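In my numbering, the protein residues as written are 625 to 941.
Below you can see the structure in the form of structure tokens.
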């Protein structure tokens, strides 16, 4: 039986990856922070590095430490490393983004992530960077979940223009891909940069699909960037989120061609099904027909999502 060590198994991607590997018949080990990772990796075939510092604070110090720890464990155990990548290193250049796209980070966090990827690439060890856009997961505290939290009150929060097309990665799909790439690892280059195009959509598309499925009108509400600007001098989360604001205004997508060449039969979850899963996760049922024949929605009570919740959710990336 193949063995995978999942570091960060309590996080969004790590939890989904552990579930997907287990469902595929792998033996799953969950790394315990503070223990010897090299010892934990002995006898494993793959390490999934889903560790992420809990806050953006000290990314510059902690991410290189985590990277060095993972590489040392992989070198000692002879394992392949799978790392979830993001779009930060590309900066604001035109897309679609893929392995041939130069990394031109225009943010501190983008430069840290680019340096991390360079360390993996230069290690000479087998490494797979599985790159996705913003996470989507109906069970997790993602940015999208925070933006949709007030949908039960008829409102969707906006962090950019509603027509901007952006890249998203549905985590159950991304986790399935991690398994498929792990099983194909012997055929991949020593350093494989694999973009997962996932879903590309605008918030206007999302609202239209939610309205179609629920029969209820939804309105947009702007995110309080003004508050983030005012709070930045004293609130680290506000400063860090403002730095990445450009990604909410920049149309972008990941190149689907490399993944299609590697796994031509892979089918991501359809947009409508992802939306339905989010509605179900929020406790919102589909349309029921009352005795009078009118559509009746079931919307649970909700507390409004504050900017602090959205900022914290963004840290999961």
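From the three backbone atoms N, C-alpha and C, an ideal C-beta is built for every residue, glycine too. A quick note: this is a predicted structure, and the numbers were derived from the prediction, not measured.
Limits of the beta strand (DSSP E) - the one that residue i falls within
i, result
"residue 754", "751-755"
"residue 779", "779-782"
"residue 790", "790-794"
Through-space distance from residue j to residue i, alpha-carbon basis
i, j, result
"residue 782", "residue 684", "29 Å"
"residue 699", "residue 798", "25 Å"
"residue 737", "residue 631", "18 Å"
"residue 837", "residue 909", "9 Å"
"residue 894", "residue 868", "28 Å"
"residue 785", "residue 796", "27 Å"
"residue 666", "residue 677", "24 Å"
"residue 647", "residue 705", "20 Å"
"residue 803", "residue 745", "21 Å"
"residue 701", "residue 626", "14 Å"
"residue 638", "residue 743", "21 Å"
"residue 826", "residue 729", "23 Å"
"residue 668", "residue 691", "18 Å"
"residue 636", "residue 757", "14 Å"
"residue 914", "residue 776", "Because the pLDDT of residue 914 is 36, which lies under 50, any placement of that residue in the model is unreliable, and the number read from its coordinates should be weighed accordingly. In a straight line, the C-alpha of residue 914 is about 20 Å away from that of residue 776."
"residue 857", "residue 866", "12 Å"
"residue 794", "residue 659", "31 Å"
"residue 657", "residue 675", "9 Å"
"residue 747", "residue 695", "8 Å"
"residue 887", "residue 808", "9 Å"
"residue 727", "residue 642", "30 Å"
"residue 634", "residue 844", "32 Å"
"residue 714", "residue 707", "17 Å"
"residue 897", "residue 834", "11 Å"
"residue 788", "residue 847", "15 Å"
"residue 916", "residue 764", "With a pLDDT of 32 at residue 916, under the threshold of 50, the predicted position of this residue should be treated as unreliable, and no value is reported."
In DSSP terms, what residue i is bridged to
i, result
"residue 843", "779"
"residue 631", "673"
"residue 813", "In the DSSP output, where bridge partners are listed per residue, residue 813 has none listed."
"residue 763", "DSSP lists no partner for residue 763."
"residue 878", "721"
"residue 823", "792"
"residue 818", "754"
"residue 651", "627"
Min CB distance residue i to chain C below 7 Å
i, result
"residue 891", "Within the model displayed, chain C is absent; a lone protein chain is all it includes."
Cβ separation of residue i and residue j, assumed to be a contact under 8 Å, to the nearest whole Å
i, j, result
"residue 820", "residue 751", "In fact, because the Cβ distance is near 16 Å, the residues do not count as touching under 8 Å."
"residue 723", "residue 882", "6 Å"
"residue 878", "residue 791", "5 Å"
"residue 687", "residue 740", "5 Å"
"residue 628", "residue 652", "6 Å"
"residue 841", "residue 907", "With 8 Å as the limit, residue 841 and residue 907 do not qualify as a contact, their Cβ atoms being about 19 Å apart."
"residue 890", "residue 801", "7 Å"
"residue 780", "residue 863", "Contact flag wrong, Cβ pair sits at about 25 Å."
"residue 805", "residue 754", "6 Å"
"residue 681", "residue 811", "Incorrect: roughly 40 Å between the Cβ atoms, too far for contact."
Alpha helix (DSSP H) segment containing residue i, residue limits
i, result
"residue 743", "732-746"
"residue 637", "636-647"
"residue 838", "827-838"
"residue 774", "Taken as a continuous stretch (DSSP letters only), residue 774 belongs to no alpha helix (DSSP H), as it is neither H nor E."
"residue 897", "895-905"
"residue 864", "860-867"
"residue 890", "Neither: residue 890 is in no alpha helix (DSSP H) and is coded neither H nor E."
"residue 855", "849-855"
"residue 716", "Looking at the DSSP string, residue 716 is not in any alpha helix (DSSP H), and its letter there is neither H nor E."
Open item on the list: Quick check on the DSSP output: what are the complete alpha helix (DSSP H) runs of length 4 or more inside the stretch 653-711, in order along the chain?
Closed with: 661-665, 683-701
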